[in-house]
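Protein sequences appear in the order of chains A and S. Under UniProt numbering, residues 1 to 324 are what the first sequence spells out, in order. Under UniProt numbering, residues 1 to 507 are what the second sequence spells out, in order. Cβ atoms here follow ideal geometry from the backbone N, Cα and C, with glycine treated the same way. This one's a predicted model, so the numbers in the text were calculated from it and none came from an experiment. Report on the following structure.
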Amino acid sequence: MRRWGPWIAAALATVLLVVSAAWAEDDEGFLDGRQLRLMAPAAPGGGWDQTAREMQAALRDLAGRSEVYNVTGAGGTIGLSQFVRNDGDPTQLMVMGLIMLGAIESNDAPIGLDRTRPLVRLTTDYEVIVVPASSPVRTMPELVARMRQDLGAVSFAGGSAGGVEQILAGLVADAVGADPGQVNYVAHSGGGEALATLLSGRATAGVSGVSELAAQIEAGTVRPLAVSSATRLPALPDVPTLKEQGVDVELANWRGVVAPPGIGADDERALEELLLEMTRGAQWRETLQRRGWGDATLAGPEFEQFIDQERRTVTDVLKKMGLA
Amino acid sequence: MGDLITGFADALTPGNLLWALVGVTIGTAVGVLPGIGPALTVALLLPVTFRLDPAAALIMFAGIYYGGMYGGSTTSILLNTPGESASVATALEGNKMARAGRASAALATAALGSFVAGTVGTILLSVAAPVVADIAVGFGPPEYVALMAVAFVTVSALLGPSLRKGAASLVIGAGIGLVGIDTLTGQPRLAFGVPSLLDGIDVVIVVVALFALGETFAHLVAGTGAARVEPVRGAAVLSRADFRRSWPAWLRGTALGFPIGSLPAGGAEVPTFLSYSLERRLSKHRSEFGHGAIEGVAGPEAANNAAAAGVLVPLLTIGLPTSATAAVILTAFQSYGLQPGPQLFTESGDLVWALIASLYIGNVLLLVLNLPLVRAWARLLTIPAYGIYAAVLVFACLGTFATGGTVADLLVLTALGLVGLLMRRADVPVAPAIVGLILAPLAEQQLRRALSLSDGDWSTLVSSPWTIALWTVAVLALLLPLVGVVRRRRNEPGQLTYAGDREPGDR
Numbered sequence: 001m002r003r004w005g006p007w008i009a010a011a012l013a014t015v016l017l018v019v020s021a022a023w024a025e026d027d028e029g030f031l032d033g034r035q036l037r038l039m040a041p042a043a044p045g046g047g048w049d050q051t052a053r054e055m056q057a058a059l060r061d062l063a064g065r066s067e068v069y070n071v072t073g074a075g076g077t078i079g080l081s082q083f084v085r086n087d088g089d090p091t092q093l094m095v096m097g098l099i100m101l102g103a104i105e106s107n108d109a110p111i112g113l114d115r116t117r118p119l120v121r122l123t124t125d126y127e128v129i130v131v132p133a134s135s136p137v138r139t140m141p142e143l144v145a146r147m148r149q150d151l152g153a154v155s156f157a158g159g160s161a162g163g164v165e166q167i168l169a170g171l172v173a174d175a176v177g178a179d180p181g182q183v184n185y186v187a188h189s190g191g192g193e194a195l196a197t198l199l200s201g202r203a204t205a206g207v208s209g210v211s212e213l214a215a216q217i218e219a220g221t222v223r224p225l226a227v228s229s230a231t232r233l234p235a236l237p238d239v240p241t242l243k244e245q246g247v248d249v250e251l252a253n254w255r256g257v258v259a260p261p262g263i264g265a266d267d268e269r270a271l272e273e274l275l276l277e278m279t280r281g282a283q284w285r286e287t288l289q290r291r292g293w294g295d296a297t298l299a300g301p302e303f304e305q306f307i308d309q310e311r312r313t314v315t316d317v318l319k320k321m322g323l324a
Numbered sequence: 001m002g003d004l005i006t007g008f009a010d011a012l013t014p015g016n017l018l019w020a021l022v023g024v025t026i027g028t029a030v031g032v033l034p035g036i037g038p039a040l041t042v043a044l045l046l047p048v049t050f051r052l053d054p055a056a057a058l059i060m061f062a063g064i065y066y067g068g069m070y071g072g073s074t075t076s077i078l079l080n081t082p083g084e085s086a087s088v089a090t091a092l093e094g095n096k097m098a099r100a101g102r103a104s105a106a107l108a109t110a111a112l113g114s115f116v117a118g119t120v121g122t123i124l125l126s127v128a129a130p131v132v133a134d135i136a137v138g139f140g141p142p143e144y145v146a147l148m149a150v151a152f153v154t155v156s157a158l159l160g161p162s163l164r165k166g167a168a169s170l171v172i173g174a175g176i177g178l179v180g181i182d183t184l185t186g187q188p189r190l191a192f193g194v195p196s197l198l199d200g201i202d203v204v205i206v207v208v209a210l211f212a213l214g215e216t217f218a219h220l221v222a223g224t225g226a227a228r229v230e231p232v233r234g235a236a237v238l239s240r241a242d243f244r245r246s247w248p249a250w251l252r253g254t255a256l257g258f259p260i261g262s263l264p265a266g267g268a269e270v271p272t273f274l275s276y277s278l279e280r281r282l283s284k285h286r287s288e289f290g291h292g293a294i295e296g297v298a299g300p301e302a303a304n305n306a307a308a309a310g311v312l313v314p315l316l317t318i319g320l321p322t323s324a325t326a327a328v329i330l331t332a333f334q335s336y337g338l339q340p341g342p343q344l345f346t347e348s349g350d351l352v353w354a355l356i357a358s359l360y361i362g363n364v365l366l367l368v369l370n371l372p373l374v375r376a377w378a379r380l381l382t383i384p385a386y387g388i389y390a391a392v393l394v395f396a397c398l399g400t401f402a403t404g405g406t407v408a409d410l411l412v413l414t415a416l417g418l419v420g421l422l423m424r425r426a427d428v429p430v431a432p433a434i435v436g437l438i439l440a441p442l443a444e445q446q447l448r449r450a451l452s453l454s455d456g457d458w459s460t461l462v463s464s465p466w467t468i469a470l471w472t473v474a475v476l477a478l479l480l481p482l483v484g485v486v487r488r489r490r491n492e493p494g495q496l497t498y499a500g501d502r503e504p505g506d507r
């Protein structure tokens with residue numbers, strides 16, 4: 001037994017090395033045979049992580065194996081500050097979105113998105129405002145009336161502070177003539193936690209991504225009042241939009257991909273082409289369908305302009321809410 | 001019942017059994033390694049399993065999940081370095097037992113307790129999930145505030161021989177827990193402008209630093225690197241007396257773990273702390289606590305595993321992930337086109353029952369895998385400390401880097417390791433720091449949430465039957481020991497403090 005110990009250890013080490021080598025091996029790489037590395041600047045399981053992992057699957061046939069890694073924290077700003085260090089490296093990509101714009105403002109992050117090269121916007125996920133099934137509130141105008149009467153008594157349960165849900169609550173308050181700075185928004189670290197508070201019946205209303213709440217809505221444990229899209233969503237055809245109900249607000253939780261600063265123009269074009277090709281593929285179509293994400297493909301200068309415009313909207317409402 | 005039998009039929013195919021075995025083996029391994037938890041492992045394996053049959057992949061994930069919960073106890077007991085926060089309470093008595101040459105008894109009661117709790121928990125999951133979920137969903141912020149009050153007044157048992165030093169440790173932990181962006185306002189606290197502190201310090205990093213690194217440094221400073229512990233004293237792995245003392249603790253641990261685990265914000269740590277306190281209070285061998293009492297291993301370890309089963313209740317019945325691992329399993333569900341939520345049982349019942357059946361199987365496999373290994377694990381102690389702790393250090397750093405992915409995490413890890421060393425030198429116990437780290441932010445968040453939801457009305461804290469019941473328990477838990485003290489003081493004056501007990505690293 002004693003004498004075999006080192007041999008067993010050596011054999012195990014060899015197996016581990018071979019496995020890890022096979023893991024890292026890159027057969028048909030992109031850009032000089034190097035492997036793409038996708039950063040999801042959030043914890044596993046969230047929207048950015050899901051986007052990165054779906055991209056990994058959809059890119060497999062186009063660019064070979066790619067690697068997804070997570071850098072968690074602070075609305076993606078920790079990941080962002082780490083990401084910009086990959087100066088000039090076209091094999092590094094990062095998933096980002098509206099939440100990152102809000103987080104940069106509300107955390108007063110030293111590094112903004114202007115340090116990155118925006119490539120492609122990929123998806124949108126809309127928000128839905130719901131009340132518990134037992135709530136006396138039945139429509140959005142009823143909720144608005146309550147907000148006008150006593151804003152503090154209407155509590156909204158939603159995701160992280162400064163995130164899409166709080167931005168939406170602020171925009172709604174602003175649109176109905178209430179003070180966005182006085183909105184009683186109760187932040188949670190994720191949609192699941194917010195749902196727990198909502199189901200306990202302690203919050204007046206909840207705000208969450210449509211895909212996160214689809215199952216609850218279908219089962220009738222929560223009642224949807226309004227969606228934040230411009231037109232009704234195929235997934236929730238019976239739920240009116242905010243605009244239909246006299247609240248002039250539209251908000252999409254979009255997600256996209258950026259490259260590090262300092263990459264060459266050729267590389268940037270090649271990456272955009274690659275991602276656009278991915279969005280046209282059957283696998284990506286199927287992903288959108290399965291996840292309930294809206295197709296929001298937008299590339300190049302248009303995407304950069306869009307980011308600028310979104311940043312202004314977000315900064316404005318966060319300022320009004322006293323968060324930026 | 002018929003559904004469950006069909007589930008067993010699905011899970012018991014040779015292929016799926018193999019996946020369950022792979023899962024529990026990987027799970028045990030990642031549980032043993034400090035810093036690498038089941039959540040990370042499942043996330044890493046997720047893309048690999050896309051081509052697998054959903055049932056096989058979920059069965060493997062269930063194995064990893066239970067295996068990880070189980071494996072965490074091994075390093076807690078042998079090396080006083082818990083792999084995750086839910087094993088901290090196990091380390092308290094478990095490591096004392098190991099140092100007294102009772103490592104195999106501690107490991108065996110942990111293995112059997114995990115099995116009993118895991119099985120009872122899974123039975124409760126299969127028969128009572130919807131009922132439990134209904135109650136659990138009613139828990140809002142005011143109820144959690146009351147639950148935290150119960151936890152705070154009962155954890156005094158974990159504070160160790162000196163109340164003042166224990167409280168100091170609790171405050172250190174609470175301070176570490178407050179670092180980062182405040183969830184409710186989005187404002188950074190105690191981050192000192194360091195970006196990587198914005199998201200707070202991961203509990204796993206704190207546990208690994210205070211225990212594993214602190215222990216390693218203490219050996220270094222004290223020059224006890226060549227020390228080894230006599231691994232096994234006595235013949236039987238678990239003596240009849242040990243068994244008699246263990247089984248009630250297993251059941252009590254399960255009774256605490258399952259319901260609290262199934263609460264949306266309950267978690268697996270709180271029941272282990274409560275179980276330790278309860279065992280200490282009920283034990284007939286109270287003087288052994290602090291020196292290796294077997295109840296102190298059996299109870300928390302059972303609570304830990306029952307909570308792991310409880311966490312699946314909100315996940316499967318309402319699609320609510322309440323732990324990091326549950327969140328990743330939820331993602332896995334979605335990537336197989338399953339919509340977790342209130343209708344999961346009706347729409348994808350076959351798969352869910354196969355998953356539940358595989359939990360039973362996983363539990364049996366874990367016991368079969370680990371009970372014979374108990375003696376082999378205990379022999380690990382014959383390796384001199386420098387050998388073991390070199391490996392611990394490597395894995396602690398690897399695991400930390402894997403969780404956060406930044407070098408800054410390693411700096412935080414080292415800094416906290418030095419804090420751990422200072423605490424050991426000053427005879428301040430480290431376990432209360434973990435209690436403070438977990439309970440303080442939870443209590444703070446829930447209290448502020450409760451008051452925000454009620455628009456500042458404090459009466460919300462006693463606004464439901466649950467809150468009143470829990471506050472009553474808290475008050476009783478606070479008053480009963482006082483009554484005992486007064487009575488004791490009448491009989492035998494001057495017998496109030498426990499005998500001093502030093503950490504072995506301080507020799």
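Through-space distance from residue j to residue i, alpha-carbon basis
i         : j         : result
Tyr336(S) : Ala324(S) : 19 Å
Gly158(A) : Ile167(A) : 10 Å
Gly140(S) : Trp48(A)  : 28 Å
Glu28(A)  : Ala209(S) : Low local confidence applies: a pLDDT of 41 at Glu28(A) is under 50, so the model's placement there is unreliable, and no value is given.
Pro248(S) : Glu279(S) : 9 Å
Glu142(A) : Ala146(S) : 33 Å
Gly214(S) : Leu421(S) : 5 Å
Glu127(A) : Gln187(S) : 24 Å
Gln35(A)  : Ser277(S) : 52 Å
Ala106(S) : Thr254(S) : 18 Å
Leu163(S) : Ser156(S) : 8 Å
Gly76(A)  : Pro240(A) : 32 Å
Asp3(S)   : Ala117(S) : 22 Å
Cross-chain neighbours of residue i in chain S, by beta carbon under 7 Å
i         : result
Ile78(A)  : Pro195, Ser196, Leu198, Asp199
Ala265(A) : Within chain S, no residue comes near Ala265(A); the closest Cβ sits about 30 Å away, beyond 7 Å.
Contacting residues, own chain, Cβ-Cβ under 6 Å from residue i (five flanking each side not counted)
i         : result
Val249(A) : Leu171, Val172, Ala175, Leu242
Ala161(A) : Ala187
His291(S) : Lys96
Gly201(A) : Pro132
Gly97(A)  : Trp254, Arg255
Gln216(A) : Val222
Of the residues the options, the one placed nearest residue i, counting alpha carbons only
i              : options                                    : result
Gln283(A)      : Ala42(A), Gly46(A), Gln56(A), Pro41(A)     : Gln56(A)
Val131(A)      : Leu298(A), Leu122(A), Thr124(A), Leu195(A) : Leu195(A)
Val32(S)       : Gly83(S), Gly2(S), Ser452(S)               : Gly83(S)
Ile201(S)      : Ile438(S), Thr472(S), Leu461(S), Gly319(S) : Ile438(S)
Leu38(A)       : Leu62(A), Val71(A), Asp61(A)               : Val71(A)
Glu444(S)      : Phe152(S), Trp471(S), Ala9(S)              : Phe152(S)
Leu251(A)      : Arg232(A), Ser106(A), Ser135(A), Ala265(A) : Arg232(A)
residue 521(S) : Gly15(S), Ile64(S), Ala43(S)               : What is shown of chain S runs 1 to 507, which leaves residue 521(S) out entirely.
Own chain residues within Cβ distance below 7 Å of residue i, not counting five before or after
i         : result
Ala104(S) : The amino acid at residue 104(S) is misidentified as Ala; the sequence shows Ser. Once the five neighbours on either side are set aside, the close Cβ partners of Ser104(S) are Val232, Val237, Val374, Arg375, Ala378.
Leu52(S)  : none
Glu25(A)  : Confidence is the limiting factor: at Glu25(A) the pLDDT is only 42, short of 50, which leaves the residue's position unreliable, though a coordinate-based value still follows. Hits under 7 Å: none found.
Within chain C, partners of residue i - CB distance below 8 Å
i         : result
Ala265(S) : The displayed structure is made up of protein chains A and S, and chain C is not among them.
Within chain S, partners of residue i - CB distance below 9 Å
i         : result
Glu218(A) : Gln339, Gly341, Pro342, Gln343
Cβ neighbours of residue i in the same chain (closer than 8 Å, five flanking residues each side left out)
i         : result
Gly190(A) : Gly46, Gly159, Ser160
Leu276(A) : Val120, Thr297, Ala299
Chain A contact residues for residue i, given Cβ-Cβ distances below 9 Å
i         : result
Phe139(S) : Ala196, Ser200
Gly71(S)  : Simply none; closest approach about 17 Å.
Pro188(S) : Ala74, Asn107, Asp108
8 Å Cβ cut-off: residues of chain S touching residue i
i         : result
Thr313(A) : By Cβ distance, chain S contributes nothing, its closest Cβ being about 18 Å from Thr313(A), past 8 Å.
Is the region 119-134 of chain S in contact with the region 301-316 of chain S, if contact means three or more CB pairs nearer than 8 Å? yes
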